[in-house]
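Following the numbering used here from start to finish, the sequence shown increments by one per residue and tops out at 464.
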Amino acid sequence: MVENQTSAPPPQPSPGGRGRDRENQFITPAVIGGGYAGMAAAVTLAERGIPVTVYESAKQLGGRARGVPHNELMLDNGQHILLGCYRETLRLIEQVGGNVDSDFLRLPLQLTLNRRFELKAPALPAPLHLMAGLLGAKGLTFGQRISAARFMLSMRHMQFRLPRDGNALELLHTHGQDEDLIRLLWEPICISALNTPAHRASAQVLLNVLRDSLNGTRADSEMLLPRLDFSALFPDRAAEYIARRGGKALMSCGVESIVPQGNEFELQTTDGVQYHSHVVCAASPANTARLFRAVPGLAGIAAQIEALTFQPIYTVYLQYPEQVRLPHPMLGFDRCFAQWLFDKGQIAGQPGLIAVVISAEGRHQELDHEALAQKVAQELREQLDIMDAPLWHQVIAEKRATFSCEPGLARPPQVTPLPNLLLAGDYSAGDYPATLEGAVLSGIRCANEITGNQHTA
Ligand SMILES: Cc1cc2nc3c(=O)[nH]c(=O)nc-3n(C[C@H](O)[C@H](O)[C@H](O)COP(=O)(O)OP(=O)(O)OC[C@H]3O[C@@H](n4cnc5c(N)ncnc54)[C@H](O)[C@@H]3O)c2cc1C
Numbered sequence: 008m009v010e011n012q013t014s015a016p017p018p019q020p021s022p023g024g025r026g027r028d029r030e031n032q033f034i035t036p037a038v039i040g041g042g043y044a045g046m047a048a049a050v051t052l053a054e055r056g057i058p059v060t061v062y063e064s065a066k067q068l069g070g071r072a073r074g075v076p077h078n079e080l081m082l083d084n085g086q087h088i089l090l091g092c093y094r095e096t097l098r099l100i101e102q103v104g105g106n107v108d109s110d111f112l113r114l115p116l117q118l119t120l121n122r123r124f125e126l127k128a129p130a131l132p133a134p135l136h137l138m139a140g141l142l143g144a145k146g147l148t149f150g151q152r153i154s155a156a157r158f159m160l161s162m163r164h165m166q167f168r169l170p171r172d173g174n175a176l177e178l179l180h181t182h183g184q185d186e187d188l189i190r191l192l193w194e195p196i197c198i199s200a201l202n203t204p205a206h207r208a209s210a211q212v213l214l215n216v217l218r219d220s221l222n223g224t225r226a227d228s229e230m231l232l233p234r235l236d237f238s239a240l241f242p243d244r245a246a247e248y249i250a251r252r253g254g255k256a257l258m259s260c261g262v263e264s265i266v267p268q269g270n271e272f273e274l275q276t277t278d279g280v281q282y283h284s285h286v287v288c289a290a291s292p293a294n295t296a297r298l299f300r301a302v303p304g305l306a307g308i309a310a311q312i313e314a315l316t317f318q319p320i321y322t323v324y325l326q327y328p329e330q331v332r333l334p335h336p337m338l339g340f341d342r343c344f345a346q347w348l349f350d351k352g353q354i355a356g357q358p359g360l361i362a363v364v365i366s367a368e369g370r371h372q373e374l375d376h377e378a379l380a381q382k383v384a385q386e387l388r389e390q391l392d393i394m395d396a397p398l399w400h401q402v403i404a405e406k407r408a409t410f411s412c413e414p415g416l417a418r419p420p421q422v423t424p425l426p427n428l429l430l431a432g433d434y435s436a437g438d439y440p441a442t443l444e445g446a447v448l449s450g451i452r453c454a455n456e457i458t459g460n461q462h463t464a
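This is the structure in structure tokens:
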């Protein structure tokens, strides 16, 4: 059971230091924030026999990847997709009792833009599957297909490392990718992976994603679409997992301040004062900056976090009559407001429900929710001949969905200048853009730092 209660009495003070070689009973960590980063840290600590307390200010776990009830249905605050290369996220989902085979619809790498473009990777060993997919892509000229394959080969040759980061669009132009090829192939990949338009996106981070997804094994490039909502998929199970190991996840229990007191930390929470030997701060960037500002020695990290800028993601849910289906579980549109459409009937047994994702900044932000839903429904009519009117719609706008993943961005490290105070979150230092895997990896690193165990992530 997920708990919703006040915390236990103050635990034993810790002897301080980085936590290595310490008896577990002296390690009484707090995790601030029950999103994917915080729950990954908590599960990793619980796995090692350390009772951990998670403080979550919201009424539910999951943060930016959470279930949202609507009428009789569970939606998400935004349709998410995982990739086969998200190894640590998938491992932790299984560790807390999930089953990746039944929790997800797994699709082999396939990018289809309705009536305009299709890339399908055939069943060949990697990286031949990608080369064959690029060379056989529909909707591109022969020259464009060769050019796309040559780009991937050059990046492979450079081991996906750039001597200096720049924007993704410049990199693509430098390597002879023309406007059509960028619009149909690279820009959709860049926007879905980095949630940042190619002219602003970090070329190096885009290459990190291409390296791990398209250049890895065939399984790495698979797309995994969850059959259950994002709170149920991992954070709720994680809360049960840590409860079975003596920890707890406290909801509606936000942390208002962190005060170092000798070898421990005093946390002012909405349920009173609590003491912990270690703190992993996995709250949202804005709240982390606010908490860190007041802690001596952390103003520099707070300033680094405050310097981040953000990009939105909108999800438009359209409920059609049950018989309405898309030609594929996941389908893209070219030159439309709607970028990617997900058929929740085929994915999650919610027939007639279509989730339409619009990532990054753009002209859609000028429309109010009603106008945007109407516009998207009109595009479905025009592109797919869906003549039924939606029975209802729901637009969820996450205005600060992810940090804007720009060239040379200085992301704050997990280890802060204060011993035993660590930072987790998708925006903290790492190879990945703001993703579930980036968040999870940061949480695991914090847990490793506490236990001195570096065997994962
Ligand atoms: C609409 C949308 C679509 C996305 N699509 C994808 C996708 O397809 N694939 C992908 O990999 N990623 C995607 N992402 C990104 C992914 O959701 C995030 O990278 C990830 O959820 C971030 O997790 P986190 O734990 O770092 O932060 P958060 O999820 O923001 O967690 C922070 C938590 O801290 C809590 N909190 C804040 N302040 C306090 C406080 N003072 N005390 C206690 N608790 C506090 C918050 O309530 C929250 O639960 C998407 C994001 C959005 C918004």
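Glycine included, C-beta positions come from ideal geometry on N, C-alpha and C.
With C-beta atoms as the reference, is residue i less than 8 angstroms away from residue j?
i	j	result
L201	L188	no
F469	T409	Missing from the structure shown is residue 469; the chain here goes from 8 to 464 and no further.
Q241	D83	Note that residue 241 is Phe in the sequence shown, not Gln. Not in contact: F241 and D83 (Cβ atoms no closer than 8 angstroms).
E405	P319	yes
Q390	Y324	no
L232	F111	yes
Y43	V447	yes
M258	A65	yes
L97	V50	no
G254	T60	yes
A53	R252	yes
G415	D172	yes
A256	L68	yes
G339	P195	yes
T276	V266	no
L186	A210	Before going on, a small fix: residue 186 reads as Glu here, not Leu. For E186 and A210, no; Cβs fall outside 8 angstroms.
Y93	E444	yes
Can you tell which of the options has the C-alpha that lies nearest to the C-alpha of residue i?
i	options	result
S228	L235, D236, D219	D219
G146	T322, E125, P134	E125
G352	L68, M81, G69	M81
C343	R122, R300, E63, V280	R122
R113	L99, I88, T119	I88
Y321	P132, Q357, W347	W347
G450	F158, E95, E186	E95
L217	F167, E373, E186	F167
A314	P328, G356, V302, A296	A296
A456	N427, P440, E444, G445	Checking the sequence shown, residue 456 turns out to be Glu, not Ala. Selected option, being the one with the closest Cα: N427.
N106	A155, R190, A239, P170	A239
Leaving out five residues before and five after residue i in sequence, what residues of the same chain have Cβ atoms less than 8 angstroms from its Cβ?
i	result
A128	P115, L116, Q117, H136, L137, A139, G140, R225, S228
V75	M81, L82, D83, N84, D236, I403
R163	P134, N222
Leaving aside the five residues before and after residue i along the sequence, list all residues of the same chain whose C-beta is less than 6 angstroms from its C-beta, in chain order.
i	result
A345	V363, V383, E386
I198	S366, A367
W399	Q326
L425	G304
L131	A139
L472	There is simply no residue 472 to check, as the chain begins at 8 and stops at 464 in what is shown.
D341	L120, R123
I'd like the list of long-range same chain contacts for residue i, defined as Cβ closer than 7 angstroms, with 5 residues on each side in sequence excluded.
i	result
W193	L179, Q184, A205
C453	A48, V287, Q421, L429, A431
D438	N215
P419	I308, Q311, I312, L430, S435, A436
V331	G359, I393, D395
D350	R332, L333, P336, I361
H182	F158, S161
Could you round the C-beta distance between residue i and residue j to whole angstroms and report it? I think they count as a contact, below 8 angstroms.
i	j	result
A175	E413	In fact, because the Cβ distance is near 10 angstroms, the residues do not count as touching under 8 angstroms.
S264	L305	At roughly 12 angstroms, the Cβ-Cβ gap does not stay under 8 angstroms, so S264 and L305 are not in contact.
R244	V103	4 angstroms
Q268	L274	With 8 angstroms as the limit, Q268 and L274 do not qualify as a contact, their Cβ atoms being about 10 angstroms apart.
R152	L160	13 angstroms between Cβ atoms; not a contact.
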